[in-house]
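Numbering (the working numbering), first residue to last: 1 to 484.
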């Protein structure tokens, strides 16, 4: 009975964390059309794309693996969880404050080096915002440790709602169509979230310990290497682009690339929703959650539904393009490439089960570093020649290569019987259907409605194969009984 109660509690908490994450990402996604339609120039969105890529990298550096370290030592025998929390809290508070102060003091030299010499205020605001976000990772981790998912989710969504509200206030209501108000909105929302978070998470009843800090750093700092390499694989294209693209319109081109990249993020949100909604159902069919068959099933269905989402976006891109302003539509041709990149990235992360199960996480670091080298070299060589096509292409090659490496090494270390035959069938089917769609689009008609009609027929063919062979409607949770 205790195990059943624990599983129900875990399922409820996972649902709350997962739902809040998906809702938060979706609401934040709504800022993309706001920015592209309201900001005066595509170069303005290029600034947003570049600086937010920097903030993602800085956030990983400034947290230096302490969130994972906190969970590790708070649950370890012989350590006082309150002392571990207070130590991590003070450490992150100190390093984040020092970072923010230094960036504010030296904002002009930093702005000059980054190409924003006339906008040093961008640097100061983002530094303070990133510092608050980095510091807040430990209080948020503490809420998870205390099993307070509702408060955790409420505070996370509070930031998203405030950020959207402030953006609408400045950019739409007050018509302050200047990119600076994007960063003003962010710092205000982050500040309010942090103030609301602190009363629930201030450390009490324990002292800071240098000994505990040394132990935590010894454990956490190696994770920093993995984290930096991983996040750079995702953001290096947007960080390096202004330095590598030798044209005056580099910021405008980056804005187009960033906006079209966001269109493809529909894939990430849908696949994350699938993992929260369907993976528990897949695993529940196996008595042992650690069974390799469960992992194989989860991978197969992840790939099948990723292909479905890819085709939905590709076949109805004439509708999805309205997510962004027409000024950005010239870059929409990269969307299918980015969608495949997200698929390879998702497969790679699903494959990571093997080195986590065998405690050989060093392989994750090696894969990330190899991917970083591939991304860096390809961008250095090709961005000056072909612009943002090289940016999205380097990400595609990076994740394709490390996906294959993880698969082949994993099959030697901890074999998992993936259903390669069915995966291959759906891969070929997807390629053929997409090929037919593009052939019709470019050689028969360029009419938007006819293109979507053909896409609908092709999508029905995929769904027919899916429901006949691998996903009978009778197997769906809750509503499956209506299809028996």
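All residues carry an ideal CB built from backbone N, CA and C; glycine is no exception.
When C-beta atoms of the region 450-462 are compared with those of the region 311-318, three or more pairs fall below 8 Å, so the two segments count as touching. For residue 258, the enclosing alpha helix (DSSP H) begins and ends at 250-264.
A direct Cα-to-Cα measurement between residue 172 and residue 178 gives close to 11 Å. Contact between residue 323 and residue 33 is confirmed by a C-beta separation of about 5 Å, below the 8 Å threshold. Here residue 415 has 292 as same chain residues with Cβ atoms under 8 Å from its own Cβ, once five neighbours each way along the sequence are excluded. One thing to note: residue 394 has its Cβ within 8 Å of the Cβ of residue 379.
About 6 Å separates the beta carbon of residue 227 from that of residue 65, a gap short enough to meet the 8 Å contact definition. Judged by pairs of C-beta atoms under 8 Å, the region 31-50 touches the region 255-264, as three or more such pairs exist.
A straight line joining the alpha-carbon of residue 366 with that of residue 59 spans about 21 Å.
Taking residue 54 as the centre and dropping the five residues before and after it, the same chain places the C-beta of 239 closer than 7 Å to its C-beta, in chain order. In this structure the region 303-311 does not touch the region 233-248; the number of beta carbon pairs closer than 8 Å is below three. The three-state secondary structure of residue 146, taken from DSSP, is coil. Residue environment analysis places residue 67 among the buried positions, since at least 16 neighbouring C-beta atoms fall within 10 angstroms of its C-beta. Of the candidates 471, 29, 166, 200, 200 places its Cα closest to the Cα of residue 139.
Contact check between the region 66-85 and the region 201-218: three or more CB pairs, one atom from each, fall below 8 Å, which counts as touching.
For residue 168, no alpha helix (DSSP H) encloses it, and the DSSP letter there is neither H nor E. Your pair residue 399 and residue 334 does not check out as a contact, with CB atoms roughly 15 Å apart and the cut at 8 Å. Taking C-beta separations shorter than 6 Å and ignoring five residues to either side along the sequence, the partners of residue 332 in its chain run 260, 321, following chain order. Residue 23 has its alpha-carbon roughly 28 Å from the corresponding atom of residue 466. Residue 69 holds the alpha-carbon nearest to the alpha-carbon of residue 221 among 69, 234, 20, 156.
Counted as a single uninterrupted DSSP element, the stretch harbouring residue 361 is not any alpha helix (DSSP H), since DSSP gives it neither H nor E. A distance below 8 Å separates the beta carbons of residue 129 and residue 186.
The continuous alpha helix (DSSP H) containing residue 112 extends over residues 107-114. Between residue 194 and residue 311, the beta carbon gap of about 42 Å keeps them out of contact (Cβ cut-off 8 Å).
Under the DSSP assignment, residue 336 falls in the alpha helix (DSSP H) whose first and last residues are 335-351. At least 8 Å separates the beta-carbon of residue 43 from that of residue 153. Counted as a single uninterrupted DSSP element, the alpha helix (DSSP H) harbouring residue 35 occupies residues 31-38.
Residue 175 sits in coil when the DSSP states are folded into three classes, being neither helix nor strand.
The beta carbon of residue 181 is closer than 7 Å to those of 170, 171 in its chain, skipping five residues each way along the sequence. Counted as a single uninterrupted DSSP element, the alpha helix (DSSP H) harbouring residue 238 occupies residues 210-244.
A check of alpha carbon separations from residue 80 across 212, 427, 309 identifies 212 as the nearest. Linking residue 105 to residue 98 through their CA atoms gives a straight-line distance of about 11 Å. In the assembly as shown, residue 210 is an exposed residue. Its beta-carbon has fewer than 16 other beta-carbons within 10 Å. Residue environment: residue 406 is assigned as buried (16 or more neighbouring CB atoms within 10 Å of its CB, all protein chains considered).
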